[in-house]
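Asks: Handing you a structure now.
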Amino acid sequence: MENNIKKRSAWNKGLKGYNKNYPRSKEWCKKISESKLGDKNPAKRPEVREKISRTLKGRVSNRKGVKLSKETREKMSKAMKGFRHTEESKRKMSKAQKGKVISKEWRRKISEAQKGKVISEEAKKKMSIAHKGKKLSEEHKRKISESHKGEKAYQWLGGKSFEPYGLEFNEDLKEVIRNRDRRKCQICDKTELENKEKLSIHHIDYNKKNNDPKNLISICRKCHRRTNDDREYWIKYFSNIGRKH
Numbered sequence: 002m003e004n005n006i007k008k009r010s011a012w013n014k015g016l017k018g019y020n021k022n023y024p025r026s027k028e029w030c031k032k033i034s035e036s037k038l039g040d041k042n043p044a045k046r047p048e049v050r051e052k053i054s055r056t057l058k059g060r061v062s063n064r065k066g067v068k069l070s071k072e073t074r075e076k077m078s079k080a081m082k083g084f085r086h087t088e089e090s091k092r093k094m095s096k097a098q099k100g101k102v103i104s105k106e107w108r109r110k111i112s113e114a115q116k117g118k119v120i121s122e123e124a125k126k127k128m129s130i131a132h133k134g135k136k137l138s139e140e141h142k143r144k145i146s147e148s149h150k151g152e153k154a155y156q157w158l159g160g161k162s163f164e165p166y167g168l169e170f171n172e173d174l175k176e177v178i179r180n181r182d183r184r185k186c187q188i189c190d191k192t193e194l195e196n197k198e199k200l201s202i203h204h205i206d207y208n209k210k211n212n213d214p215k216n217l218i219s220i221c222r223k224c225h226r227r228t229n230d231d232r233e234y235w236i237k238y239f240s241n242i243g244r245k246h
């Protein structure tokens, strides 16, 4: 481990096992453990948690700046292989997370931390295998559906998608745009023949009333779904393509 930052040493650094002068039976250890389970644990009381939080504010963790070596990471990975949470453990974790609200600031930090990370094909394959065969109950599906409806949806823009198209946005205009773009998706470059269906016509500025040909572009259905996210990025992307036409 590489760490040049000076910090406090951990209170238990150098200690091994338990004090020989005070032997503790398994029964004693079990009672101590049970006395601190769940709501019995004082550290779980709101007032105690608040005191702990105030005490720790401004302190630098003795782990800050510590980088684990590749060998250490491999050992940790091997130690966790095959580990599975029990159903009881999963239930407790689920219960502990219920009602928690992730703030916008927290979401922003998570988003920034994930930006630029690329998931390898091997990792994608492993995730795919891990989810194969898993079936969601009808109740689970219903809850997921409800959590993404209307204003709850992360892509919600105040009902903008329900706005009607302009009268001039007809099949004749769409064909003109498809021919102009050589019947190719302007993102993935696949032809209509390869996609086995006609290309969608996308409004670059997302304004359905703006049917100027310069504001329209041909993309396949798969790529069209992608344009629902990060609209500012796609507006710039298509604007650059538009300059080439």
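Going by the numbering used here, the letters in the sequence shown line up with residues 2 to 246, in that order.
Backbone N, C-alpha and C define an ideal beta-carbon position, used for all residues, glycine too.
Note that the coordinates shown come from a computational prediction; the quantities given were computed from them, not determined experimentally.
Compute the Euclidean distance between the alpha carbons of LYS37 and PRO47, then round it to the nearest angstrom.
Replies: So the two alpha carbons sit approximately 15 Å from each other.
Asks: Looking only at its chain, what residues have a beta carbon closer than 6 Å to the beta carbon of TYR166, apart from the 5 residues adjacent to it on each side?
Replies: If we look at TYR166 and ignore the five residues flanking it on each side, its Cβ neighbours are LYS209.
Asks: Among the candidates ARG226, ARG143, LYS237 and MET81, whose CA atom is the shortest distance from the CA of ASP206?
Replies: Out of ARG226, ARG143, LYS237 and MET81, LYS237 has the C-alpha closest to the C-alpha of ASP206.
Asks: Which parts of the region 48-110 are runs of the alpha helix (DSSP H), unbroken and 4 residues or longer, counting only runs that do not cross its ends?
Replies: Runs found: 71-81 and 88-98.
Asks: Under the three-state reduction of DSSP, which class applies to LYS223: helix, strand or coil?
Replies: Correct three-state label for LYS223: helix.
Asks: Can you have a look at PHE239 and say buried or exposed, based on whether 16 or more other CB atoms are within 10 angstroms of its CB?
Replies: Under this definition PHE239 is a buried residue.
Asks: Helix, strand or coil, according to DSSP, for ILE130 in the structure here?
Replies: Helix at ILE130.
Asks: Can you check which of these residues, LEU69, ARG227 and ARG179, is closest to LEU194 by C-alpha distance?
Replies: Closest by alpha carbon: ARG179.
Asks: To the nearest angstrom, how far is the alpha carbon of PRO24 from that of GLN115?
Replies: Each residue's Cα considered, the two are about 48 Å apart.
Asks: I need the straight-line Cα distance from HIS225 to ILE242, nearest angstrom please.
Replies: Using only the alpha carbons, I get a separation of about 16 Å.
Asks: Quick one, which of GLU28, ASN196 and ILE202 has its alpha-carbon nearest ASP173's?
Replies: Out of GLU28, ASN196 and ILE202, ILE202 has the C-alpha closest to the C-alpha of ASP173.
Asks: Could you say if the region 179-188 and the region 133-149 meet the contact criterion of at least three C-beta pairs nearer than 8 Å?
Replies: Cβ pair count under 8 Å is below three, so no.
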